[in-house]
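Under the numbering used here, residues 1262 to 1991 are what the sequence shown spells out, in order. I have placed the structure first, in the form of structure tokens, so that the comments after it can refer back to it.
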Amino acid sequence: MVLKKKVLKKKKVSHRAKLGVKNLKRRVIIKTKIQAQRDDNQTLLSKEYTNREIGWLYFNFRVLHEAHDTRNPLLERVKFLSISSSNLDEFIMKRVGRVKKQLAYGITTRTSDGLTPTQQRLGIRKNVLEMIKEQAALFKTLKMELSNEKIYLLKWSELTVVEKEHVREFYLKNVFPVLTPLSVDPGHPFPFISNLSTSLGVTLKHPDHEEKLFARVKVPKVFPQWILLESEVGENKYVSLIDVIIANIKDLFPLMEVLGAMPFRLTRNADLDSNEDDSEDLLEKIEEEIRQRRFAEVVRLEHGPKPDPWMLKFLMDELELSDEDVYEHPGLLDYTDLNIIYEVNRSDLKYKPYAPVTPLVFGDETQSLFATIKLQDQLIHHPYESFRSTVERFVKEASIDPKVLAIKMTLYRTGDNSPFVKALIRAAEEGKQVVCLVELKARFDEERNIYWAQALENAGVHVVYGVVGLKTHAKTTLVVRQENEGLKCYAHIGTGNYNSGTSRFYSDYGLLTANDTITQELVEFFHFLTGRSLKNNYQNLLIAPINMFQKFKSMIERETANARQGKPAQIIAKFNSMEENEITLKLYEASQVGVSIDLIVRGFCCLRPGVSGQSENIRVISIIGRFLEHSRLFYFRNGNENPLDGDFFIGSADWMHRNLHGRVEAIVPIFDRQLKEKLWQTLELCLTDDRQSWLMQPDGRYKKRDSSESGVQHKLMQIAKHSIIAVEEG
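Below you can see the structure in the form of structure tokens.
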């Protein structure tokens, strides 16, 4: 407790320090402008790698394309625009802060693709400006299309006199009392502005003085950002809350002259330095980091069109920002506010509802789920197959089964009102041995995970916070059950989080198994997580950072050797992102001797496919659609004529340096031939898709493959629906 008090006391610093502003930063920025011009004239295109940051922005352009695609229902297109905005916010918070920090420290080291921090910053800004422009143009188009469907997004100036009277009445009764104007003068310092909050900057003048004054009004999030108006049946009219406040801004400053009001928004750095080794208590350390993030350095200022130059300069000076940190929006500042428009009751403008199916073997809830798993391994594909009646049921049934002695589980992002936490608490109350690793360092989920960790501890669950220096990203559950022949272990190993909410729109795989060769190694894995086990000779599981990296390299080398010997040689891998350099070089070697390599990478990929003499035999595709492609699948032909005789794996890791070296990950082999067929079908559908897939070009850009009306996700829904071994969830 003494340490905690010290830390909190230390945080009582000046307002400028709270904002994370460093006096040195602006000097460094000015200094690097000259270097930026030099670097821009000598763009280095690495033959081996593309840039991670630019690659991520290309991914978000692919998401934004879904909002353009008129084959998608109109409100779903609005939702994709919102998603692209949310994605961009997260990117700026996590990645731009890191680049700015490198510039502030004078770091000039080039990344693997050959770019300096200055070049990266310029490339990021160029693409972000293009994205903002595209979002604004798209919003204009969507507004017109929505109006054709009698869904109107209006400005204050577009309201009728009667509508203005009604809205003003609502404003005065509800909004006005909540607003807090904060002026800046010698007696009122520049106010703290929270991350991603929208504000109005107001330029004022006292009637007796010529000096301009600044005031900030926070746009409250307690109200919808689009106010629903009274309208005729079949119509939905909305007006922007920001517009309403601006139109009535004089009410906040009686007798003062209001010269103008400009909406603006700040983004703060979420990439904070952390050293767990210096902390005696990891929980306290994470709680302190959450507090630090609130006051972190500002990395972006967004503002509306045609800004007042005086106000913009005032904000930049107060926040110590350069021109490169400032972005003008011709459209909205925050398209995530459009989520309320998606909630309009117009099913004809949305995807047809999809109910996940329950595999027939799990259809009878009176039959023990453990008996089913013991009979045969089960591979579940979410969201096509039900998460609730398989994975949730597995943990819930374990919590109340009197034969179950112990439950061990890892939780990374489990969401609100988690049925898994409830089941673990119930199990502890039943007297079972319950262990849960709650990863406190899951970015932006730290507070929720701290809450769940404390709730579990209070119920008697043994809670551990992870392995020092590593983030535990594995998705694993182990159940130990007393049976007639002795103890029997059951396990779930998956590609996605134990999160009931995201399971309905994230595409993931999970294996339920009682195979002793797997479960016994999982017992050792949990000993590693909770104790100090140094076991490093896993024969079946691929565990990072213990043996996974070497196993992947050796399997790629094996395919290379097979190709040289004229044997069938093939690699297919599906995951979220790729930037592990050694794996990339191994894949290049394999490609050069004829190994067929297909990578299905949803996000950024730093490998360059199709480069002459290097990667002609490597193809990279990205699939974007209704569901977020999140599963990690790996296939190695291993010299077999029949592809189903090859080696299949699923698990939690991408081919990224952080996953293979800086996280705890678990990947499991698939032995059952029927389950291999299921995975092979998914991989084939992905590779032959010509509706939702994008083909990566050697320069890192992507071309859409969209000659068909039906994509891989639609086909997988149809396969699940028409399966004779499944029943619809109800």
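Even for Gly, the Cβ is constructed at its ideal location relative to N, Cα and C. All figures in this text were calculated on a predicted structure; none of them were measured in a lab.
Pick from the options that is closest to residue i, judged by C-alpha positions
i: Arg1359; options: Ala1914, Glu1558 and Trp1417; result: Glu1558
i: Thr1615; options: Leu1666, Phe1888, Asp1625 and Phe1437; result: First, the residue type needs correcting, since residue 1615 is Tyr and not Thr in the sequence shown. Among Leu1666, Phe1888, Asp1625 and Phe1437, the Cα nearest to that of Tyr1615 belongs to Phe1888.
i: Cys1867; options: Leu1848, Ala1720, Gly1762 and Leu1349; result: Leu1848
i: Arg1526; options: Phe1575, Leu1461 and Glu1579; result: Leu1461
i: Asp1330; options: Ser1876, Arg1952 and Gln1715; result: Arg1952
i: Ile1882; options: Pro1959, Val1505 and Leu1905; result: Pro1959
i: Glu1700; options: Ser1660, Arg1649 and Asn1758; result: Asn1758
i: Glu1877; options: Ala1531, Leu1457, Ala1851 and Leu1594; result: Ala1851
i: Lys1749; options: Glu1718, Ala1830, Gly1495 and Val1665; result: Val1665
i: Lys1939; options: Asn1920, Arg1919 and Ile1980; result: Ile1980
i: Arg1863; options: Asp1469, Gly1727, Arg1924 and Leu1956; result: Leu1956
i: Leu1580; options: Phe1453, Pro1485 and Arg1704; result: Phe1453
i: Gly1592; options: Gln1553, Ile1503, Met1978 and Val1445; result: Ile1503
i: Thr1421; options: Val1500, Arg1338, Tyr1588 and Phe1631; result: Val1500
i: Thr1459; options: Asn1719, Arg1382, Ile1861 and Tyr1596; result: Tyr1596
i: Asn1333; options: Gly1886, Gly1923 and Val1925; result: Gly1886
i: Leu1993; options: Leu1562, Glu1589 and Glu1585; result: As displayed, the chain neither begins before 1262 nor continues past 1991, which places residue 1993 out of reach and without an answer.
i: Glu1585; options: Ile1634, Leu1977, Ser1492 and Lys1387; result: Lys1387
i: Leu1944; options: Ser1679, Leu1921, Asp1967 and Val1973; result: Val1973
Beta-carbon proximity list for residue i, same chain, < 7 Å, skipping 5 on both sides
i: Ala1508; result: Trp1417
i: His1788; result: Ser1794
i: Asp1706; result: Arg1674
Buried/exposed call for residue i, threshold 16 Cβ in 10 Å
i: Leu1516; result: exposed
i: Ala1398; result: exposed
i: Glu1691; result: exposed
i: Tyr1310; result: buried
i: Pro1450; result: exposed
i: Trp1571; result: exposed
i: Glu1746; result: exposed
i: Ser1873; result: exposed
i: Met1405; result: exposed
i: Tyr1751; result: buried
i: Asp1915; result: buried
i: Leu1285; result: For Leu1285, the predicted model reports a pLDDT of 37, less than 50, meaning its position is unreliable and no value from the coordinates is stated.
i: Arg1825; result: exposed
i: Pro1566; result: exposed
i: Ala1531; result: buried
i: Tyr1612; result: exposed
i: Tyr1366; result: exposed
i: Lys1361; result: buried
i: Asp1475; result: Here the sequence assigns Phe to residue 1475, which means Asp is not the residue at that position. Phe1475 should be labelled buried.
i: Thr1821; result: buried
i: Glu1970; result: exposed
i: Asp1859; result: buried
Sequence-distant residues of its chain with Cβ nearer than 6 Å to residue i (five each side left out)
i: Tyr1432; result: Val1505 and Asn1509
i: Phe1865; result: Arg1313, Gly1316, Trp1317, Phe1320 and Ser1838
i: His1642; result: Tyr1770
i: Lys1736; result: Gly1755 and Ser1913
i: Ser1688; result: Checking the displayed sequence, the identity of residue 1688 turns out to be Ala instead of Ser. Only Ser1660, Ile1668 and Val1695 meet the Cβ criterion.
i: His1427; result: none
i: Asn1760; result: Arg1674, Thr1675 and Gly1676
i: Tyr1726; result: Leu1543 and Leu1701
Cβ-based neighbour list, residue i, same chain, cut-off 8 Å, excluding 5 preceding and 5 following
i: Val1605; result: Leu1336, Ile1412 and Asn1497
i: Leu1390; result: Tyr1588
i: Val1339; result: Ala1328, Leu1403, Leu1407, Leu1599, Ile1602 and Tyr1603
Residue i Cβ short of 6 Å to the ligand HEM heavy atom set
i: Gly1727; result: Annotation note on the ligand HEM: not contained in the displayed structure, which lists no ligands.
Quiz item: Are there three or more Cβ pairs, one per stretch, closer than 8 Å when the segment 1930-1938 is compared with the segment 1835-1855?
Solution: No contact exists between the segment 1930-1938 and the segment 1835-1855.
Quiz item: Three or more beta-carbon pairs under 8 Å between the segment 1820-1838 and the segment 1888-1901, yes or no?
Solution: yes
Exercise. Ignoring anything shorter than 3 residues or poking outside the segment 1546-1598, list the beta strand (DSSP E) runs there in chain order.
Key: 1559-1564 and 1587-1589
Self-check item: Secondary structure, beta strand (DSSP E): runs of 3+ residues fully inside the segment 1612-1653
Solution: 1618-1620 and 1639-1643
Quiz item: Does the segment 1585-1601 touch the segment 1721-1737, meaning 3 or more C-beta pairs lie closer than 8 Å?
Solution: no
Quiz prompt | Contiguous alpha helix (DSSP H) assignments of at least 4 residues, all confined to the segment 1437-1519 | solution = 1502-1508
Quiz item: Which runs of the alpha helix (DSSP H), 4 residues or longer, sit entirely within the segment 1403-1443?
Solution: 1422-1431
Self-check item: At least 3 beta-carbon pairs within less than 8 Å: the segment 1809-1822 vs the segment 1896-1912
Solution: yes
Quiz item: Counting Cβ pairs closer than 8 Å, one from the segment 1625-1639 and one from the segment 1768-1780, do we hit at least three?
Solution: Verdict: yes, contact present.
Practice problem: Quick one: which unbroken alpha helix (DSSP H) runs of 4-plus residues sit fully inside the segment 1664-1732? Chain order, please. | Solution: 1680-1690 and 1707-1719
Self-check item: Inter-stretch contact (C-beta, 8 Å, three-pair minimum) for the segment 1654-1665 and the segment 1678-1691
Solution: In the pairwise beta carbon analysis, the segment 1654-1665 is classified as touching the segment 1678-1691: at least three pairs are separated by under 8 Å.
Quiz item: Would you call the segment 1480-1487 and the segment 1436-1449 in contact, with 3 or more CB pairs under 8 Å?
Solution: yes
Quiz item: Is the segment 1941-1957 in contact with the segment 1644-1655, if contact means three or more CB pairs nearer than 8 Å?
Solution: Of all C-beta pairs linking the segment 1941-1957 to the segment 1644-1655, fewer than three are shorter than 8 Å, placing the two stretches out of contact.
Self-check item: beta strand (DSSP E) segments (min. 3 residues) lying fully within the segment 1877-1949
Solution: Look at the segment 1877-1949 and you find these whole runs of beta strand (DSSP E), each 3 residues long or longer: 1879-1884, 1894-1897, 1908-1912 and 1924-1931.
Exercise. With a floor of 4 residues, list each alpha helix (DSSP H) that falls wholly inside the segment 1801-1845, ordered by position along the chain.
Key: 1809-1825
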